[in-house]
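When the letters of the sequence shown are read in order and numbered with the working numbering, they come out as residues 144 to 465. Cβ coordinates follow ideal geometry from the N, Cα and C atoms, glycine included. The block underneath contains the structure these notes are about, expressed in structure tokens.
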Amino acid sequence: MFGKYRDLILNNQSDIYHSTTCHYHNWPTLIHTPINELLFPSLPRECDFGYDIPQFKKHIDIFDGWRMIHFTSSNWCIPITFCLCYLLMIAGTKKYMGPKDGGRAPIRANKYIIAWNLFLSFFSFIGVYFTLPYHLFDEENGLFVHGFYSTVCNTGAYYGNGNVGFFVWLFIYSKMVELVDTFFLLIRKNPVIFLHWYHHLTVLLYCWHAYSVRIGSGIWFATMNYFVHSLMYLYFAMTQYSPAAKKFAKKFSKFITTIQILQMVIGLIVTLAAMLYVTFDVPCYTSLVNSILGLMMYASYFVLFVQLYVSHYVSPKRVKKV
Numbered sequence: 144m145f146g147k148y149r150d151l152i153l154n155n156q157s158d159i160y161h162s163t164t165c166h167y168h169n170w171p172t173l174i175h176t177p178i179n180e181l182l183f184p185s186l187p188r189e190c191d192f193g194y195d196i197p198q199f200k201k202h203i204d205i206f207d208g209w210r211m212i213h214f215t216s217s218n219w220c221i222p223i224t225f226c227l228c229y230l231l232m233i234a235g236t237k238k239y240m241g242p243k244d245g246g247r248a249p250i251r252a253n254k255y256i257i258a259w260n261l262f263l264s265f266f267s268f269i270g271v272y273f274t275l276p277y278h279l280f281d282e283e284n285g286l287f288v289h290g291f292y293s294t295v296c297n298t299g300a301y302y303g304n305g306n307v308g309f310f311v312w313l314f315i316y317s318k319m320v321e322l323v324d325t326f327f328l329l330i331r332k333n334p335v336i337f338l339h340w341y342h343h344l345t346v347l348l349y350c351w352h353a354y355s356v357r358i359g360s361g362i363w364f365a366t367m368n369y370f371v372h373s374l375m376y377l378y379f380a381m382t383q384y385s386p387a388a389k390k391f392a393k394k395f396s397k398f399i400t401t402i403q404i405l406q407m408v409i410g411l412i413v414t415l416a417a418m419l420y421v422t423f424d425v426p427c428y429t430s431l432v433n434s435i436l437g438l439m440m441y442a443s444y445f446v447l448f449v450q451l452y453v454s455h456y457v458s459p460k461r462v463k464k465v
């Protein structure tokens, strides 16, 4: 189970997965590290392991993921600024539009919303096209070829370069673009529930952190999210196209929420597994801090999405807006 993985470590840099410089902590080193270093990690050049392994060179020549990882981990001001502006946008737009039963008239903007959702759906489908086959069948790190452990703990250099690495990078940065979703809800005076804005904020910060510390399990999260979003945004576009299209799309609303919940369950399993590997000193290129943050995030998403499912499909009731 661990053969190929252990060989990779022993033949190259056997101490890397214990390197606190590269944010691979165990529990003793974790509790003695300043909180700001844990929450806002920055990777030095020596953490660019994998670049000297021949099997990675052809992928690095296409897209060198390290450059973007280094830029990401060195610029925490970007996601923080986006999050602050996002909250200000919500407050400012709600105030500008006024109360639902008064104030300015809703701006429908259907054509723009349809185009926006179709764009995000198409983008996500392309992401699935590149990440899913790699995640499942890659001869070096595929789930069905080398098993679960390999996809959770092998170095992020496996998926961080080349075409797959390019779309993993796009996945991370698309979380900032997706904040526009909320603006369209606000100008239409639609409810913005807690789950909506909480999800947008936390997933942006978590993804930025995960990419900054180059977690081995990142391919799981990118692939799952691309798949769910490819269907979810297509569903949103159809609900705005026409009454007939909306009626047809609504038949799949329960399915959409179900696969979102399934995504959270898988996310919990993968994150907990990474945490346990580190706890029991199994070689694993993952960040214990990121696993803790991921466990909290996925657990909260699971609870909120289950509540959403129950309120819509088990015991329907009016959803309160924030």
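Pairwise C-alpha distance: residue j and residue i
i, j, result
"residue 323", "residue 246", "22 Å"
"residue 144", "residue 294", "Low confidence applies here, because residue 144 scores a pLDDT of 43, under 50, leaving its location unreliable; read the following figure in that light. Rounded to the nearest angstrom, the two C-alpha atoms are 12 Å apart."
"residue 257", "residue 263", "10 Å"
"residue 301", "residue 351", "19 Å"
"residue 203", "residue 451", "42 Å"
"residue 274", "residue 308", "9 Å"
"residue 271", "residue 398", "19 Å"
"residue 173", "residue 195", "29 Å"
"residue 459", "residue 389", "19 Å"
"residue 230", "residue 382", "26 Å"
"residue 239", "residue 456", "33 Å"
"residue 124", "residue 219", "Only positions 144 to 465 of the chain appear in this structure, which leaves residue 124 out of reach."
"residue 425", "residue 446", "30 Å"
"residue 321", "residue 344", "10 Å"
"residue 285", "residue 368", "18 Å"
"residue 330", "residue 405", "31 Å"
"residue 403", "residue 277", "22 Å"
"residue 280", "residue 289", "9 Å"
"residue 197", "residue 188", "19 Å"
"residue 282", "residue 201", "15 Å"
"residue 396", "residue 259", "19 Å"
"residue 435", "residue 253", "40 Å"
"residue 228", "residue 222", "10 Å"
Own chain, CB closer than 6 Å to residue i, minus 5 neighbours either side, in chain order
i, result
"residue 319", "225"
"residue 437", "414"
"residue 394", "none"
"residue 411", "441"
"residue 416", "295"
"residue 353", "361, 433"
"residue 268", "373"
"residue 392", "378, 381, 382"
"residue 168", "431"
"residue 453", "none"
"residue 492", "As shown, the chain starts at 144 and ends at 465. That puts residue 492 outside it, with no answer to give."
C-beta atoms of residue i and residue j nearer than 9 Å
i, j, result
"residue 311", "residue 361", "yes"
"residue 359", "residue 298", "yes"
"residue 346", "residue 430", "no"
"residue 328", "residue 339", "yes"
"residue 233", "residue 371", "no"
"residue 303", "residue 170", "no"
"residue 317", "residue 379", "no"
"residue 184", "residue 162", "no"
"residue 433", "residue 349", "yes"
"residue 365", "residue 448", "no"
"residue 255", "residue 420", "no"
"residue 337", "residue 236", "no"
For residue j and residue i, believed in contact at Cβ under 8 Å, the rounded distance
i, j, result
"residue 190", "residue 296", "Not quite, the Cβ-Cβ distance comes to about 16 Å (not below 8 Å), so this is no contact."
"residue 386", "residue 332", "Actually they are not in contact, since the Cβ atoms of residue 386 and residue 332 sit about 20 Å apart, beyond 8 Å."
"residue 305", "residue 423", "Wrong, their Cβ atoms sit about 32 Å apart, outside the cutoff."
"residue 186", "residue 212", "6 Å"
The alpha helix (DSSP H) enclosing residue i, as first and last residue numbers
i, result
"residue 255", "253-280"
"residue 466", "Missing from the structure shown is residue 466; the chain here goes from 144 to 465 and no further."
"residue 194", "No alpha helix (DSSP H) holds residue 194; DSSP gives it neither H nor E."
"residue 296", "291-296"
"residue 218", "Residue 218 -> no alpha helix (DSSP H), and no H or E assigned at all."
"residue 386", "386-393"
"residue 397", "396-422"
"residue 183", "Here residue 183 belongs to no alpha helix (DSSP H), and DSSP marks it neither H nor E."
"residue 442", "431-452"
"residue 342", "337-355"
"residue 172", "170-173"
Contact set for residue i: own chain, Cβ-Cβ below 7 Å, skip 5 residues either direction
i, result
"residue 444", "342, 407"
"residue 261", "380"
"residue 384", "257"
"residue 243", "332"
Residue i beta carbon near the ligand SAH (any heavy atom closer than 8 Å)
i, result
"residue 302", "The model on display carries no ligand, and the ligand SAH is accordingly not part of it."
Same chain only: Cβ atoms within 8 Å of residue i, ignoring 5 sequence neighbours per side
i, result
"residue 363", "278, 294, 295, 409, 410, 413"
"residue 176", "163, 168"
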